[in-house]
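One structure is given below, encoded as structure tokens.
Number of protein chains: 2
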Amino acid sequence: MKRLFALTMISLPVSLFADTVTAKTAFYDAEKAVTYRQNALNVMYHNFKTMGDMIKGDVPFESEIFAERASDFAAMTAIPWAGFQVEGAMPGTNTDALPEIWQNWDDFKQHYEQLQTDAQNLKQLATAGASRTELGQAVKTAAESCKGCHDDYRAD
Amino acid sequence: MKRLFALTMISLPVSLFADTVTAKTAFYDAEKAVTYRQNALNVMYHNFKTMGDMIKGDVPFESEIFAERASDFAAMTAIPWAGFQVEGAMPGTNTDALPEIWQNWDDFKQHYEQLQTDAQNLKQLATAGASRTELGQAVKTAAESCKGCHDDYRAD
Chain A
673 MKRLFALTMI SLPVSLFADT VTAKTAFYDA EKAVTYRQNA LNVMYHNFKT MGDMIKGDVP
733 FESEIFAERA SDFAAMTAIP WAGFQVEGAM PGTNTDALPE IWQNWDDFKQ HYEQLQTDAQ
793 NLKQLATAGA SRTELGQAVK TAAESCKGCH DDYRAD
Chain B
673 MKRLFALTMI SLPVSLFADT VTAKTAFYDA EKAVTYRQNA LNVMYHNFKT MGDMIKGDVP
733 FESEIFAERA SDFAAMTAIP WAGFQVEGAM PGTNTDALPE IWQNWDDFKQ HYEQLQTDAQ
793 NLKQLATAGA SRTELGQAVK TAAESCKGCH DDYRAD
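If you read the protein sequences in the order shown, they are chains A and B.
Add 672 to a position in the first sequence, counting from 1, and you land on the number used in the working numbering.
Add 672 to a position in the second sequence, counting from 1, and you land on the number used in the working numbering.
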């Protein structure tokens, strides 16, 4: 993929993609879609868990770094869901995503939109310099949204 | 990590993290920082390449989907760089990142800020329903920013 990427960046000529199978991105390839959403969820997770660690005191609480993590967490809450909408990736292979996601898409969507709302709230509090107690409550609220979705839609 | 994640989401008790080594996130662990930035760059790549594929005609051009990819690409251009700032991940192991990044951090930063500007411009054009020709030019501009940074700061 690396060479393909480097070449793509230079000129984007059609001829480079004679092999359209290898050229397919996550939005047109089920296996890549699963990896895509897992990568995005993992990036989201690291930001979220760092905030949790700060609230608990496992790492030093630094408001500026907390606000950066809150901002990146909020941005990431918009990203993974496109990877659940690719043909063949419902649920796809090598995934803990349950078929119930697609049987109850509107509910799943409501879950991830709630998480986005929670994350925006957390970001605003962090940017405004809210207290550690207030931030801790906002982290807990977002954690409950994560858990609610995982309980229904992720294999144990 | 999965079990740790599930437990974290429930209550965030300190006791779960007696093993602080395994609990460390990408922002406090060099190896995880490298994976983090690679995951983020990969998510960014899939969004960008899909737009390039649409411009070239390798996949159908659909303005609404293009705008979604442009939006997610713009969001992702803010994310990977924190992973380059973690102690021990400069450059870290299993990475194509060159030491020159940290020798010329201000220049590296200028590169990724330029990419963010390019991506915001692309997003605005896509949201405003710009022509495929205009979008193609904006994709090319962003591609040149990618390439400029890779030429200087990524191993071949």
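Heads up, the beta-carbon is just placed ideally off N, CA and C, and yes, glycines get one too.
Practice task
Can you tell me the Cβ-Cβ gap for Asp-790(A) and Thr-813(A), rounded? I've got them flagged as a contact below 8 Å.
Solution key: Taking the first sequence and counting its residues from 1, one reaches residue 790(A) at position 118. Taking the first sequence and counting its residues from 1, one reaches residue 813(A) at position 141. With 8 Å as the limit, Asp-790(A) and Thr-813(A) qualify as a contact, their Cβ atoms being about 5 Å apart.
Practice task
Note down, in chain order, all residues in the segment 712-734 of chain A with a beta-carbon under 9 Å from any beta-carbon belonging to chain B.
Solution key: The residues in question are Ala-712, Asn-714, Val-715, Tyr-717, His-718, Asn-719, Phe-720, Lys-721, Thr-722, Gly-724, Asp-725, Ile-727, Lys-728, Gly-729, Asp-730 and Val-731.
Problem - Test: Phe-699(A) CB closer than 7 Å to a CB of chain B - result: Here residue 699(A) refers to the residue found at position 27 when the first sequence is read from its first residue. So yes, Phe-699(A) belongs to the interface.
Practice task
Please check if any C-beta of chain A sits within less than 7 Å of the C-beta of Ala-802(B).
Solution key: The residue you call residue 802(B) lines up with position 130 of the second sequence. So no, Ala-802(B) is outside the interface.
Problem - is_contact[Ala-761(A), chain B] using C-beta, thresh 7 Å - result: Against the first sequence, residue 761(A) aligns to sequence position 89. False, the Cβ-Cβ gap to chain B never drops below 7 Å.
Handout entry: Residue environment, Gly-760(B), which counts as buried when at least 16 other CB atoms sit within 10 Å
Key = Within the second sequence, the letter at position 88 stands for residue 760(B). By the neighbour-count rule (16 or more Cβ atoms within 10 Å), Gly-760(B) is not buried but exposed.
Problem - Own chain partners of Asp-768(A) with C-beta closer than 6 Å, once the 5 adjacent residues on each side are dropped - result: On the first sequence, position 96 is the one that residue 768(A) refers to. Arg-826 and Ala-827, listed in sequence order.
Problem - Met-723(A) versus Gln-757(A), Ala-815(A) and Asp-823(A), residue with shortest Cα-Cα distance - result: For the purposes of this step, residue 723(A) is taken as residue 51 along the first sequence, with counting starting at 1. When each option's Cα is compared against that of Met-723(A), the closest is Ala-815(A).
Exercise for the section: Measure the Cβ-Cβ separation of Lys-819(B) and Ser-743(B) and say whether it is below 7 Å. Expected result: For this step, residue 819(B) is matched to residue 147 along the second sequence. For this step, residue 743(B) is matched to residue 71 along the second sequence. No.
Exercise for the section: Would you mind working out which of Leu-713(B), Tyr-708(B), Met-726(B) and Ala-698(B) sits nearest Tyr-784(B), comparing C-alpha positions? Expected result: For the purposes of this step, residue 784(B) is identified with residue 112 of the second sequence, where counting begins at 1. The closest CA to that of Tyr-784(B), considering only Leu-713(B), Tyr-708(B), Met-726(B) and Ala-698(B), is found on Leu-713(B).
Problem - Residue-chain proximity (Ala-747(A), chain B), Cβ-Cβ < 7 Å - result: As a working note, residue 747(A) is residue 75 in the first sequence. Yes, because at least one Cβ of chain B sits closer than 7 Å to the Cβ of Ala-747(A).
Handout entry: Spatially closest choice to Gly-755(A) from Thr-805(A), Phe-745(A), Asn-793(A) and Thr-697(A), by CA coordinates
Key = Along the first sequence, read from residue 1 onward, the residue named residue 755(A) stands at position 83. Comparing Cα positions, the closest option is Thr-697(A).
Practice task
Whole angstroms is fine: what's the gap from Pro-763(A)'s alpha carbon to Leu-770(A)'s?
Solution key: Your numbering for residue 763(A) matches position 91 in the first sequence. Your numbering for residue 770(A) matches position 98 in the first sequence. In a straight line, the C-alpha of Pro-763(A) is about 6 Å away from that of Leu-770(A).
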